[in-house]
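Participant: Chains as they are written, first to last, in my numbering: chain A, 1 to 401; chain B, 402 to 716; chain C, 717 to 1239; chain D, 1240 to 1530.
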Amino acid sequence: MASNRINRTIAGLAGAIALLTLGSGGAFAADEIVIGASVPLSGPLAGFGSFVQWGYKRAVDEVNKAGGLTVDGQKKMVKLIIRDDKTDPSVTASNTEALISRDKVVAMLGSCTPALVNAGALVAERAKKPLVTGCDPLEAFKSVRKWKYVWDLFFDEPELGAAQFKALDELGIAAKTNKKLALWHDNGPDGQVVGGKIWPALAKQFGYEVVQNAEFPVDNTQFTSIIAEAKNKGAEIVMVDAITPQAVAIRKQMAAGGFTPKVLNIEKGAEPVQFAEALGKLSDGVLVGGYWDPTFPYPGAADLAKAFEDETKLSSSQHIADSYAAAQVLLDGIAAAGSTDPNKINAALAKTDKTYVVGPIKFDENHTAKLPIVALQWQGGKTVIVWPKDAKTGDFLFPLP
Amino acid sequence: MTRSRNFAGYAEVAIILIAFALLWFAPLVVGDYWQQLGFRTLIYLTLAEGWNLMAGSAGLVSLGTSCFVGLGAYVAFGLLNGMGFPLPLTLGASAAAGAALAVLVSPALFRLRGLYFTVGTLALAELLRLIMVNVSAFGGASGIFLQNDPPALPVLFHYALGVALVASLAITACTRTRASVIFRAVRDDEDAAAQMGVRPFRVKLAAFAIASALAGMAGAVQGVKLGAIEPYGMFGLQWSIDTLTMVIIGGVGLRLGPLVGAVFLIALGEILADYPAAHIAIAGVILIVLIRFAPRGAVGFFGSMEQARRGRAAA
Amino acid sequence: MSLSGAPLLEASGLVKRYGGLVAIDHVDLTLASGTITGVIGPNGAGKSTLIGLIGGALAASQGSIRLEGRDVSRLAASERARAGIGRTYQIPRPFLDMSVEENLEVAQYSIAPFQSAASARREREALLERTGLADAAHLSAHALPLLRRKRLEVARALALKPKVVLLDEVGAGLVDSEITELIALIKSILDSKTAIVIVEHVIRVVRECCARSLVLNFGRMLVEGPTADILANDEVAAVYLGTHGAREKTPSRIPVSEEDLRATSEGTDAQRHLAPLIAPQETRSPAPALECRGVEAGYGQARVLKGVDLVVKEGEAVAILGANGAGKTTFARVITGALVPTAGSVHIGGRDVAGLPAHRIAGLGVTHCMEGRRIIPTLSVEENLRVAARGVDGSTARERLDAAYALFPVLAERRNSPGTSMSGGQQQMLAIARALMARPRLVIFDEISLGLAPVVMDKLYETLALLRQAGMTLVIIEQDVDRALALADQAYVLEHGAFSLSGKAADIAADPRLRHIYIGAEE
Amino acid sequence: MPDVTVASSTIASGVLLGGMLGLTALGLSIILGVMRLVNLAHGEFLLVGAYCGLFLVQLSGVDPLIGLPVVAIIVAGLAIPLYRLLLQPLANRGAEAQMMTMFAVSIILQNAFVLFFSADTRSIPERFAATPLTVGPVTVPLMYLIGFAISVAAILAVHWLVSRTGFGRDLRASAADPAAATTLGVDVRRVQMLTFALGAACAGVGGVLIGAGFQFGPSSGASYLLNSLAIVVLGGLGNVLGTLVGGVVLGALQSLGGLTLGDGYRDVVGMALFLAVLAFRPGGVLGGARG
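1) Starting from A:Phe154, follow its DSSP beta bridges and name the residues at the other end.
2) Whole angstroms is fine: what's the gap from B:Leu472's alpha carbon to B:Gly617's?
3) Closer than 9 Å, CB to CB, is B:Trp535 near chain D or not?
4) Can you give the Cα-Cα distance for B:Ala695 and C:Ile1160, rounded to whole angstroms?
5) Which chain B residues sit within Cβ distance under 9 Å of C:Leu843?
6) Kindly confirm or deny that the region 125-134 of chain A and the region 468-488 of chain B touch, where touching means at least three C-beta pairs closer than 8 Å.
7) CB-CB under 6 Å to B:Ala614, same chain, minus the five flanking residues each way: which ones, in chain order?
8) Give me, in chain order, the residues of the same chain whose beta-carbon lies closer than 7 Å to that of A:Pro261; leave out the 5 immediate sequence neighbours on both sides.
9) My output table needs one value for A:Lys411: the three-state DSSP class, helix, strand or coil.
10) Give the interface partners of D:Val1425 over in chain C, defined as CB-CB distance under 7 Å, in chain order.
11) Within 9 Å (strictly less), CB to CB, does A:Glu62 reach chain B?
12) Anyone know if the C-beta pair for B:Cys468 and B:Leu529 falls short of 9 Å?
13) Would the beta-carbon of B:Ala580 fall within 9 Å of that of B:Ala503?
14) If contact is defined by three or more beta carbon pairs under 8 Å, each pair taking one atom from either stretch, is the region 484-496 of chain B in contact with the region 700-712 of chain B?
15) Roughly how far, in whole angstroms, is the beta-carbon of C:Ala1181 from the beta-carbon of C:Leu1203, given that I think they are within contact range, below 8 Å?
16) A:Gly188 touches chain B at which residues, Cβ-Cβ below 7 Å?
17) What beta strand (DSSP E) runs, 3 residues minimum, are completely inside the region 1174-1235 of chain C?
18) Does the distance from the CB of D:Gly1443 to the CB of D:Val1314 come in under 9 Å?
19) Counting only Cβ pairs nearer than 8 Å, list the residues of chain C close to B:Gly701.
20) Is there a Cβ from chain D that is less than 9 Å from the Cβ of A:Leu282?
21) Mapping the DSSP letters down to three states, classify B:Met618 as helix, strand or coil.
22) Which value, in whole angstroms, describes the spacing of the CA atoms of A:Gln246 and D:Ser1362?
23) Under 9 Å, Cβ to Cβ, is there at least one residue of chain B near D:Met1338?
24) At least one CB of chain A closer than 9 Å to the CB of D:Gly1526: is that the case?
25) Could you tell me if D:Gly1266 is buried or exposed, where buried requires 16 or more neighbouring beta carbons within 10 angstroms of its beta carbon?
26) What residue range is occupied by the uninterrupted beta strand (DSSP E) comprising C:Arg928?
27) With a CB to CB cut of under 7 Å and the five nearest residues on each side skipped, what residues in its chain are close to D:Ala1311?
28) What is the rounded straight-line gap between the Cα of C:Arg1271 and the Cα of C:Leu993?
29) So D:Leu1354 is in the alpha helix (DSSP H); what residue range does that whole segment cover?
30) How far does the alpha helix (DSSP H) with D:Gly1496 in it reach, from first residue to last?
31) Closer than 8 Å by C-beta to D:Ile1394: which residues in its own chain qualify, once you throw out the five before and the five after it? Chain order, please.
32) Only counting the same chain, and skipping five residues up and downstream in sequence, which positions put a Cβ closer than 6 Å to that of C:Ser815?
33) Any beta-carbon of chain D closer than 9 Å to the one on A:Asn213?
34) Quick check: what's the CA-CA separation for B:Ala668 versus A:Gln192?
35) A:Asn118 CB to nearest chain B CB: under 9 Å?
36) Please name the residue, chosen from D:Leu1468, D:Leu1495 and D:Gln1454, that lies closest to A:Gln274 on a Cα-to-Cα basis.
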């Protein structure tokens, strides 16, 4: 009886080990430079993930078409491994671990949105592997820790926050409203930075009256009381910081709640095209801060958007740009280092100083590089730049239809 | 029977100790990748062992594992950041917190039998997650960062190993000593057990508390490894789902069920790493097939095949 | 009455109500240590309920139970077990996937968790020795046959070192030789410090074990006294065989609602209405209505039917008698397809119905008026009836309903109230009417007299007589031998899963062996 | 405490929304009542309905509310093979086996959604969804009112089906005492199959209403499952009209929670209520009487 139990135990352990060895797939060829990324391809943020993935892939493909990179004196192809983190930070972390330990990547690209990027970045930092990312607002990025191996090129929340205020000011929109401002934001990291700190400060500075400042969790679906209150308080300008599903819900429930402010700005959630697709006409007039547009006067901007739209038959998003640029920065870093040694690559990244599709990139002491901000507005299912004047591609639609 | 049970018990303890002793030196021989895998497997093994004790020995099918994982992690972070506790002590505290929550909610949950208990645990987990998301005192949705850097991977691996060892020994204590008959009696026929003088409530509570304590510890170690925790990850339903799936795949109520299940599911995840969507779906298909054709899981299935073979040999 | 002074257990004024139904009605019971007390009475008399109340599985609605002067009435079953009350289950409930020895350990370690393994083992070995399971110690309880499972039940109860042992129907389903062993075992249990209660149908066990006995009927104490006198008592015999002796005495005790008494309408009147409820002759095949050959069946381990042959001709009324646990209801379940026989064949109207799902058999015109009525609580009276009238258009259903109401006017009055809100008798009427709604050719009436006042029984049997006159084929499964035999043409007596006696109802009624099978009293 | 306009509007829309969810909950309830099965894939059934509604609009352009019957039929049609192939074989294997199977189905469906429909946030174009309805101080989304009306109508229809028809009798008999029902000639398996299909259809229709009123994605199912469970428990198991009341009560209380503690606490209130009732009033706030 007992002995047979023991046999089974041993058999079981043997089987376990057999299975484990099955599990190991750590394929890694020496004639390739392996880089990796964990991005949200499913879950609430999948909308961003697909663009980011495209941007990364494109940059790598271009390098490979050009014959790869020269490291240790010989040309090598670049292999990009992408994992889905299901919009779950702990999955981003374990993905990043797997990329480092299993796939033996020499460097990595980031996920999207602070929660995810930071989770992966912490792993990279600990493993001392360089990671270049976009899609992580700089304040949220800096707030985590002092980074040594992680580099972030994206917009800076204060600037993004300021952009809309400046736009309304310079375009003389603010004057046409009662300057009563309602602020709604999720309680995620960037939500709290933008909606909780930056906006209230700017509102005071630009002479608005904040009649409401509401916070809600990231998986909330009901905004009726928030909306009813803003309507009741007579707010004519509403600024929201929320992810796409909530952005859609909020816009719909505003319409259904009979609340139509003169100006509606929805940060981050209103960026992806699915926002306009899900809402149809309701998306018209919604403002969103942007850091890129095909019309930008930077090398390859127009081509990038065109390439995307030809390939995917979807309308482009600014997320293809920062991801594309981030990948280019990393690849240039590897080329400059001329080696796959993480520290050398990291040193090279520090020296980055070049104009990319998103504009000039030069990292400061916090490992961040600011992207210029523009104010975008949804008009007929497309975004147009309404501010600053020199970059504008369309007129400000006022008031909100 | 008792004699052989005792003997088997000692044998099992010996095997466990040897196995874990060998694994202790794993970091010296295997690379990061294997340590990462090992870590994940050990964490899940711990959760699955506890879940298996509840379901297999007390008939409690829980979907609430996640709230104890999350609780453990948050308690650990609180103590580490707030009071600079040493990690081992923190693990103890997380375990205690898990058990305490179990005791706290048991009077309500144990009024529910069968399916309703399962649903109740699910609701409890969701409730806790929502609270953590909303209460900014616990960092709200942004969660908390670990102030000082987490220990190196080999150290973390050893912690996971320690936790899993505690789990394995605890389960051995519950399944190889006289306690096991009490547990099984309650699972098989609560009323008949009561007529034998067994107090079903206390027995169930014991299983629930032990499982929750283990989950608490596992959560603490996992949190420390991440270095940053937030409600969606630590209180995510995924923990409960994975744990339950592992035990069912491995074999409910069987000593090796959790191990086989955990190893199998994690191996599967690695094999299908490049098709993330497929991986979970395939786990689902496997689940359906096992429930239908091998109710006692992979271990039970091969066990019975083994017996059949013996039978033929005998005949 | 006791040999050794103060009573060990004292139950006074015990009452157990289930909704309207009173299962135990002010029963007093006093047990002295060193005695064995027998509790007998027909099915539904409340014997097992009494055990449940003392053992703590059921909470008493009224009354108190004192063990050695300590009130235990409010304690949970587990606490009473710890206080020293051990019980066995009528159908053994061992922990199947444990070994016999482990089954005992449950009891041992729950009362003394830290008892040394060695002493615990010694005790177990002694116990298994006493209960004749020594050789089975390491077998899984699964592997035990019925008798040994019953022995295990006893051993488990004893492992609690109980002061009071409650044995519930330990004899049921055993053959004589087994019963002999069992009696020996029970006698061996008794010592000067314990008191034993035996609830039994197998009268022999009571006669040979118990100095004193009490008889329960309709939840009340009928008589109490020395076993010998009790068994000689005609009143007791009457309770068992349902002879008129009993019927004159009992009514005074049983509450009978006015409605019940005028429930069934007059024969002639009803017969006119009966047509819609009885399959017309011409649709019937020449083959026998029901033909069973070598039917064997059981539940897992327990083989209940061990080769039963039965032929029921069209228009015949057949009584199937037998003590509790003899397999009567199992046989009914086999016929109606609820239970698949392990061997043998069942033909209905010449058609082999092996493996046909139950709901199809009902379609073939064989319906089952189930034991315990099984009225659907969530359906009204009329809905309960309509459910059984399947695949017929509205007007036909209406016609049958009217017929059923004509048969039992009280149902018409209550047509919209929930089926289970009525008195036991009315519910039984509903069950009977429901069995007719399918317009069957053959109906199995399963223990329809269970727990009913004799007056009500009479009414029900009058109805059955009507059905029989109207040419319906009846299979009557009964405790109440007299009534069944009075009605039936043929009678079969089941004993341990086989017919031990069969023939013309009249002859059976006269046969002395019948009384023996039931209460085994010497002639 | 916010002023009357806000409060009344919020609570009104909460009540309407609760009633809207009641239909989905009803599907869960009857399956639970008849099959003793907690259908953990109910949320995904709801999403199947939502996607059907969406594609129906995109392909045919008919108003999703017109398309409701079609969706109901499609979803029910999908449920029947599921029952035949996966659940029926487990009929005698206790509740857990079936529940776990449906749980597996739910994760498979979730992945299927991502695979075939992408992980995008969707919303069914429906003009009423963007139209407010103002009565005095109260403003509610017109869609909520319509959804509520449809839901109530459907619930009443089911109530009629269960309490007045032959199928309803069979259904209640099978739920109360399957063995007895079989002996009376009821084909319990068939009843269960149809019940399962009916329950799925309820979820599907509910899905269209929710898809039009809100937004949905492949992983939205879980939260609606929990919501429905809460409603079922509140209304009392198997109590058809109870689910409607349960929905309304839940909706009202959640809105109150949202008003007083902030919108984030809606679900907290829901879950807390759910647990409390489950533990201390298992019969539901109305008592467990079957409708």
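Backbone N, C-alpha and C fix where the C-beta goes; we use that ideal spot for every residue, glycine too. Small disclaimer: the values here were computed from a predicted structure and weren't measured.
Facilitator: Walking through what the data contain:
1) The partner list for A:Phe154 (beta bridge, DSSP) reads A:Lys370.
2) So the two alpha carbons sit approximately 6 Å from each other.
3) Per the sequence shown, residue 535 of chain B should be read as Asn rather than Trp. Cβ-Cβ to chain D under 9 Å: yes for B:Asn535.
4) Going from the Cα of B:Ala695 to the Cα of C:Ile1160 covers about 40 Å.
5) Those within 9 Å of C:Leu843 in chain B number zero; the least Cβ separation is about 13 Å.
6) Segments in contact, no.
7) Excluding sequence neighbours, B:Ala614 sits near Ala496, Gly499 and Ala500.
8) Excluding residues within five positions, the ones whose Cβ falls inside 7 Å are Ala235, Glu236, Ile237, Val238 and Leu400.
9) Residue 411 of chain A lies beyond the range of chain A shown here (1 to 401); nothing can be said about it.
10) Ordered by position in chain C, the residues that pass the 7 Å Cβ test against D:Val1425 are His1075 and Val1103.
11) No, because no Cβ of chain B sits closer than 9 Å to the Cβ of A:Glu62.
12) B:Cys468 places its beta carbon less than 9 Å from that of B:Leu529.
13) In this structure, the beta-carbon distance from B:Ala580 to B:Ala503 does not fall below 9 Å.
14) Verdict: no, contact absent.
15) Confirmed, Cβ separation roughly 6 Å.
16) Residues of chain B passing the Cβ test: Ala542 and Ser543.
17) Secondary structure remark: continuous beta strand (DSSP E) runs of at least 3 residues inside the region 1174-1235 of chain C, in chain order: 1189-1193, 1206-1211 and 1214-1220.
18) It is a contact, given that the beta carbons lie within the stated cut-off.
19) Near B:Gly701 there are no residues of chain C at all, since even the closest Cβ is about 12 Å away, more than 8 Å.
20) Output row for A:Leu282: interface = yes.
21) Here DSSP, grouped into helix, strand and coil, assigns B:Met618 to helix.
22) Straight-line Cα distance between these residues: approximately 12 Å.
23) D:Met1338 has a beta carbon lying within less than 9 Å of a beta carbon in chain B.
24) Because D:Gly1526 sits at a pLDDT of 47, beneath the cut-off of 50, its placement in the model cannot be relied upon, and the following sentence gives the value as read from the coordinates. Interface with chain A (9 Å Cβ-Cβ cutoff): D:Gly1526 is excluded.
25) Under this definition D:Gly1266 is a buried residue.
26) Run containing C:Arg928: Arg928 to Asn933, per the beta strand (DSSP E) assignment.
27) Ala1440, Gly1443 and Val1444, listed in sequence order.
28) Residue 1271 of chain C is absent from the structure shown; chain C starts at 717 and stops at 1239.
29) Gly1333 to Phe1356 is the extent of the alpha helix (DSSP H) around D:Leu1354.
30) It spans Val1479 to Leu1500 - the alpha helix (DSSP H) in which D:Gly1496 sits, taken as one unbroken run.
31) Around D:Ile1394: Gly1261, Leu1262, Leu1265, Val1479, Leu1480, Thr1482 and Leu1483.
32) Cβ neighbours of C:Ser815 beyond the five flanking positions: His854 and Ser856.
33) Contacts with chain D at 9 Å (Cβ-Cβ) do not include A:Asn213.
34) Taking the straight line from one Cα to the other gives about 39 Å.
35) Residue-level contact by beta carbon holds for A:Asn118 and chain B, with a gap shorter than 9 Å.
36) Among D:Leu1468, D:Leu1495 and D:Gln1454, the Cα nearest to that of A:Gln274 is on D:Gln1454.
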